[in-house]
Structure formats: C-alpha cells, structure tokens
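Chemist: Residue numbers (my numbering): 1 to 108.
(1) Output yes or no for whether 7 Å exceeds the beta carbon distance between residue 2 and residue 58.
(2) Mapping the DSSP letters down to three states, classify residue 54 as helix, strand or coil.
(3) For residue 55 and residue 49, I'd like the C-alpha separation in whole angstroms.
(4) When you compare only the Cα positions, how much space is there between residue 96 and residue 31?
(5) In the DSSP assignment, the alpha helix (DSSP H) including residue 17 goes from what residue to what residue?
(6) Grab the span of the alpha helix (DSSP H) containing residue 90 for me, first residue to last.
(7) At what residues does the alpha helix (DSSP H) containing residue 62 begin and finish?
(8) Pairs of beta-carbons, one from the region 71 to 88 and one from the region 16 to 36, closer than 8 Å: are there three or more?
(9) Secondary structure at residue 26, three-state DSSP: helix, strand or coil?
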C-alpha cells in the first residue's frame, strides 16, 4: 500500500486513542505508556493494511513527496503536547516499509 495511506491511518490512531482533555495532565509513566501503545498500533495498522488486497494508485515519487509533506504538515498543525505523538505515529505506520524498502532504494 502507498505510504500516503499508511500515514493517513495514523490520524485515526492518534485521534482515536489520545484523550486531548486528559493527556496533558497525565503523569510521565502514563504518557509513555500511551506513546508506546500508539506507536505499536501504528506498526500493527501497517501490517493490517498491507494484508488487505490492494493496488498502488500513486506513483512512488509522488507518494514519497506527499507522505513527507503529510508528516511535516500534521506534526506542524498538532498542538504542542501532541506533536511527538503525531510524528511518532506517522513514522510507525511507515516503519515496516522503511526497514524493507529503504536499503534497496539507497543502494541504487
């Protein structure tokens, strides 16, 4: 699946699992637990989306540009207490592709 779709799924994960009213008041341990859970869900969502039969409707160069723009834009637009969670979740949703596909691309 295109990176763009994986990154868009990170919006749902962050929105669904981060209580914007309670999160700033949580202690460090609970914030870390939330961070780890959301990061893990990002990686799991990647596997789930890749398991579903799909095509690659976006050209890979455009996909990389759109994906990078989405990560930067979403992180920039997030409120300060959530910037690290938004960034980490977006990265976690594409992490398996980075691990699998980035080395061959760099070697070209």
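Heads up, the beta-carbon is just placed ideally off N, CA and C, and yes, glycines get one too. Keep in mind the model is a prediction, meaning the values are calculated, not measured.
Modeler: Concretely, from the data shown:
(1) yes
(2) coil
(3) 11 Å
(4) 24 Å
(5) 3 to 17
(6) 83 to 107
(7) 60 to 77
(8) yes
(9) coil
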